[in-house]
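Single-structure report; data block below.
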Amino acid sequence: MAQLLTADMEHGKTMAICQYGGEFASNSDGSLTYAGGEAHIIDIDHGMLFDDLKSEIASLFSIDISTMSIKYFLPNNKRTLITVSGDKDLKRMVNFYANSETLDVYVLNKANNRETRNTIEDSGTSIAPADRNVRQRKRASVGKNGNRAAGTRINVADGAFTAAIGAASENGRKRLITTVERLNSGSTATDCSATIITTPTSVAVAVRQPPADNNECDYNREIGSIISDLGVSVTSSVVPYSPNDDVMYIGQEFDNVKVFRDELCKYAFLKGFKYKFIKNEHARLTAKCAEENCPWRIHASQSSRKKTFVVKKIDNAHTCKLGCTKDRRATPQWLASIIKDKLRESPHLRPKDIVADLFRDYGISLNYHQAWRGKELAQKELFTLHEEACNQLPWFCQQIIETNPGSVAMLAATADSKFRRVFVSFHASLHGFEHGCRPILFLDKIPLKTNLQWKLLAAAAVDADDGIFPVAFAAVESETYDSWLWFLLQLKYAVTTSHAITFVTHKQKGLEEVVPHVFEDSFHSYCLNQLMEDFLVELKKGMWSEKTKDALIDDFKNAAYSCNVEDFNVHIESIRSVSKDVADWVIASKPEHWSNALFKGQRYDHYSPQIVKSFGSWIPVKHESSVVLILDALREKLMEVMHARQDSSKTWEDILTPVMEEKLKKEIPKAAHYVVCSSDTLFEVRWNSVNVVNIGTWECTCRRWQMTGLPCTHALTVFDRIGKNMYDYCSRYFTTEMYRITYSEPIHPIPDVERISSIFKNSYPPRTNRPPDRPRRKRINPNKTTIRPLRCSRCKMVGHNKATCEAFL
1 MAQLLTADME HGKTMAICQY GGEFASNSDG SLTYAGGEAH IIDIDHGMLF DDLKSEIASL
61 FSIDISTMSI KYFLPNNKRT LITVSGDKDL KRMVNFYANS ETLDVYVLNK ANNRETRNTI
121 EDSGTSIAPA DRNVRQRKRA SVGKNGNRAA GTRINVADGA FTAAIGAASE NGRKRLITTV
181 ERLNSGSTAT DCSATIITTP TSVAVAVRQP PADNNECDYN REIGSIISDL GVSVTSSVVP
241 YSPNDDVMYI GQEFDNVKVF RDELCKYAFL KGFKYKFIKN EHARLTAKCA EENCPWRIHA
301 SQSSRKKTFV VKKIDNAHTC KLGCTKDRRA TPQWLASIIK DKLRESPHLR PKDIVADLFR
361 DYGISLNYHQ AWRGKELAQK ELFTLHEEAC NQLPWFCQQI IETNPGSVAM LAATADSKFR
421 RVFVSFHASL HGFEHGCRPI LFLDKIPLKT NLQWKLLAAA AVDADDGIFP VAFAAVESET
481 YDSWLWFLLQ LKYAVTTSHA ITFVTHKQKG LEEVVPHVFE DSFHSYCLNQ LMEDFLVELK
541 KGMWSEKTKD ALIDDFKNAA YSCNVEDFNV HIESIRSVSK DVADWVIASK PEHWSNALFK
601 GQRYDHYSPQ IVKSFGSWIP VKHESSVVLI LDALREKLME VMHARQDSSK TWEDILTPVM
661 EEKLKKEIPK AAHYVVCSSD TLFEVRWNSV NVVNIGTWEC TCRRWQMTGL PCTHALTVFD
721 RIGKNMYDYC SRYFTTEMYR ITYSEPIHPI PDVERISSIF KNSYPPRTNR PPDRPRRKRI
781 NPNKTTIRPL RCSRCKMVGH NKATCEAFL
């Protein structure tokens with residue numbers, strides 16, 4: 001490891017003390033400290049590229065640049081390491097510490113990629129159980145001083161039960177505390193008590209015992225047991241071995257001896273040789289090439305300090321003929337361990353694709369049935385991992401509440417305790433939305449790249465600089481009317497703003513009915529992009545030329561952006577002159593929800609919830625295997641973004657944020673030609689048309705001032721005429737002050753996320769989906785003699801087999 005300590009920041013350069021070979025130590029509060037190693041002094045130019053920095057460090061200490069990973073701590077946070085992976089990350093890191101005298105940077109080995117996991121393990125961190133005997137209470141409303149008064153909890157009835165988790169912050173922000181409410185009217189008090197979530201007193205990772213020592217055993221017998229060693233830990237702290245990384249070297253670290261055995265098997269397949277064990281123990285392992293007189297040999301043992309398995313010695317020379325071994329074979333269990341990694345990346349990978357991939361990567365020839373069987377075993381393992389991940393949810397939700405007081409975390413499960421949904425909203429997000437953002441929320445689904453088990457729903461706002469601001473997330477079993485209803489009920493409980501909220505959503509998946517049902521006094525705007533797509537589909541029904549279609553499309557857009565009813569009617573009549581059916585379709589699409597002329601709320605020139613989909617880039621593919629890791633990836637990225645924006649706003653000197661300042665300045669030149677006739681507060685502005693500006697009510701007959709929150713060109717003309725300050729008439733939601741309030745509350749890290757245990761008294765396995773299409777019906781032949789009934793190995797019922805099973809599990 002290496003540490004860079006800033007010693008001088010004059011003239012755009014940093015004199016840094018580069019330390020290498022030290023170790024991390026864990027403190028009692030969970031923070032980390034670094035000590036030891038040798039030291040050298042280097043200069044870091046503020047314009048230095050990331051590759052140049054890596055090259056200089058690599059040459060200084062003879063470190064392999066391909067295995068180098070540079071990380072740092074956020075200010076006032078010594079628990080979570082942030083990765084620097086490019087020039088932008090490097091500049092962002094420097095900006096974080098622009099006003100600091102020191103900057104600590106750590107260089108780790110990518111093959112290790114353990115970050116803080118080992119030190120947390122060494123610290124013996126334990127998680128105290130939450131008090132379950134706490135009554136439910138509604139999230140309090142906000143008073144003038146920011147405190148909250150007590151209220152009653154909103155009941156969520158979805159035919160199952162809801163495990164709601166919450167906490168109370170010091171400023172009186174009362175949230176829900178761990179409890180479970182049985183909502184099934186047929187359940188008894190005994191049933192209800194049986195479903196209460198219990199949190200273990202400590203967090204421990206289940207570790208199986210290694211197999212008995214097998215000296216001089218052929219590795220082909222070893223690979224049959226690999227599958228029992230995989231899947232114990234829900235998340236591996238070591239980067240998965242890739243066929244492109246066909247090397248082993250001294251100092252390479254693995255999570256434990258079982259992982260090392262697995263990687264050694266893969267390595268041997270890639271190189272095309274057999275090996276046998278000289279020592280095969282829990283703390284040490286030695287293997288050599290099975291060919292006589294071949295010097296290849298490797299020795300690895302457990303590191304007592306890091307608790308990892310480290311390669312200590314290796315002789316990579318082979319005198320045997322690599323790739324010519326004829327009797328190499330792969331058991332179904334070993335193949336399943338390989339296929340499992342492929343299924344994480346491509347859940348719908350077909351057996352014939354598996355055959356091609358394994359032959360290309362490992363030189364293994366399989367038939368279709370062998371690949372199908374290996375895929376089946378891998379899917380069972382992935383389901384087990386998924387079930388273990390669901391078991392972690394109560395612990396994770398409790399940690400959110402403990403580390404971020406004032407946050408909201410909700411769990412929902414079916415009557416048989418199978419996980420269905422989880423809702424998370426951090427205190428920093430709720431505070432930022434309620435005190436600094438415009439009362440507008442965008443609802444949409446976040447696309448996941450590989451995970452098909454969950455659907456990720458989100459509610460987001462926009463800050464004073466028009467940047468996206470996440471408010472709440474939820475992982476649900478499917479995107480339906482029921483799941484959106486549950487999500488909005490939790491959102492209504494979490495958000496306590498006194499303003500009427502404008503929602504921007506699609507019309508699909510029941511949102512058209514759910515939003516006004518839950519938020520009665522809100523304004524609901526439909527996505528204009530989706531309406532445009534529907535309009536294009538409607539145009540395909542007619543036999544019009546492309547020129548006519550383009551004219552109809554322009555009329556539809558102009559009708560949407562028209563600021564008054566007269567202009568809206570003009571464009572509708574223009575459409576009607578071409579096609580009455582198309583005009584009727586436009587009127588039937590409820591223009592009061594998408595046209596500026598008829599919409600009653602304020603959208604601030606935002607017409608689509610597409611910005612929510614950008615959250616998909618916040619979630620690495622490797623984290624999509626676990627709902628806990630998905631939510632924690634969002635938390636980690638949100639923590640980084642909020643700190644970066646808070647830090648960048650410290651240099652702003654204008655009243656408005658940069659984006660809003662630019663928008664306002666673009667309107668000023670347009671006001672040069674207007675003629676103004678005035679009274680006390682009413683002003684008549686003339687040019688091609690006549691508009692009346694009322695500076696007392698902040699209104700103009702063009703309606704742009706009311707819709708955007710920024711003065712229109714007519715109002716700017718009046719301000720220039722009477723000597724008024726235009727910034728006094730801009731919405732407060734666009735000021736730098738409101739921007740800083742939005743990001744004033746931090747999000748705190750959650751310790752031990754990668755080491756959470758899968759051993760909980762409550763089980764929350766995933767809920768499987770019903771197969772698509774209509775259920776098949778099989779007629780009974782009365783003339784056929786009685787035979788042994790067919791029994792399904794999946795649900796244990798008779799009358800069908802596993803291939804046609806339609807049961808929910």
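Heads up, the sequence shown is in full-length UniProt numbering, so the first residue is 1 and it goes up one at a time. The beta-carbon is built from N, C-alpha and C at its ideal position, and this holds for glycine as well.
Every alpha helix (DSSP H) stretch that sits fully inside the region 401-480 and reaches 4 residues is listed by chain position as 427-436. Closest in alpha carbon position to A283, among I501, E662, S304, M48, is S304. The three-state reading of DSSP puts K557 in helix, counting H, G and I together.
Ranked by how close their Cα comes to the Cα of N77, the residues D104, M68, D87, D554 have D104 in first place. Unbroken alpha helix (DSSP H) stretches of 4 residues or longer found wholly inside the region 281-362: 332-345, 351-362, given in chain order.
In the structure shown, S525 falls within a strand segment according to DSSP collapsed to helix, strand and coil. Nearest in C-alpha terms to D52, of all of W618, M68, M738, is M68. The alpha-carbon separation between Y604 and S525 amounts to approximately 12 Å. The C-beta distance from A461 to A472 rounds to 10 Å, too long to fall under 8 Å, and the pair is not in contact. Exposed is the label assigned to K321, since fewer than 16 other Cβ atoms lie within 10 Å of its Cβ. Shown here for P658: same chain residues with a beta carbon closer than 8 Å to its own, the five before and five after excluded, namely D465, W652 in chain order.
Between A300 and K274 a beta carbon distance of about 18 Å is seen, past the 8 Å cut, so the two are scored as non-contacting. Cβ contact annotation for E434 (same chain, cutoff 6 Å, sequence separation greater than five): T497, in chain order. For the pair I440 and H606, the CB atoms are nearer than the 8 Å cut-off. Of the candidates V259, D632, L270, T83, the residue whose Cα lies closest to the Cα of Y362 is L270. With distances taken between CA atoms, M93 lies nearest to M48 out of S62, M48, G510. Of the candidates C294, D357, S574, the residue whose Cα lies closest to the Cα of L552 is S574. H431 and D752 have their C-alpha atoms spaced approximately 26 Å apart. By DSSP's assignment, V692 forms a beta bridge with E684. Between T505 and L456, the C-beta spacing is not below 8 Å.
Partner residues in the beta bridge of L656, as assigned by DSSP, are T735. Around T548, the same chain offers V578 as residues with beta carbons nearer than 7 Å, after the five sequence neighbours per side are excluded. For T497, the three-state secondary structure derived from DSSP is coil. Pairing W334 with N316 gives a Cβ-Cβ distance that is not under 8 Å.
In the three-state reduction of the DSSP assignment, D728 falls in the helix class, which pools H, G and I. In the DSSP assignment, the residues bridged to T83 are K71. In the displayed model, S648 falls within a helix according to three-state DSSP.
Under the 10 Å beta carbon count, N367 is surrounded by fewer than 16 other beta carbons and is classified as exposed. By the neighbour-count definition (other C-beta atoms within 10 Å, threshold 16), V537 is an exposed residue. The residues Y20, in chain order, have a CB closer than 6 Å to that of F61 in the same chain once the five nearest residues on each side in sequence are set aside.
Around the CB of T33, fewer than 16 other CB atoms lie within 10 Å, so the residue is classed as exposed.
Bridge pairing for C677: E684 [DSSP].
Looking only at A715, S365, C563, the smallest Cα-Cα distance to C730 is reached by A715. Across the set I314, K91, P746, the C-alpha of P746 shows the shortest separation from the C-alpha of E636. Of all C-beta pairs linking the region 512-532 to the region 469-489, three or more are shorter than 8 Å, placing the two stretches in contact. Each of L629, V676, K71, P711 was checked against the Cα of K666, and the nearest Cα belongs to P711.
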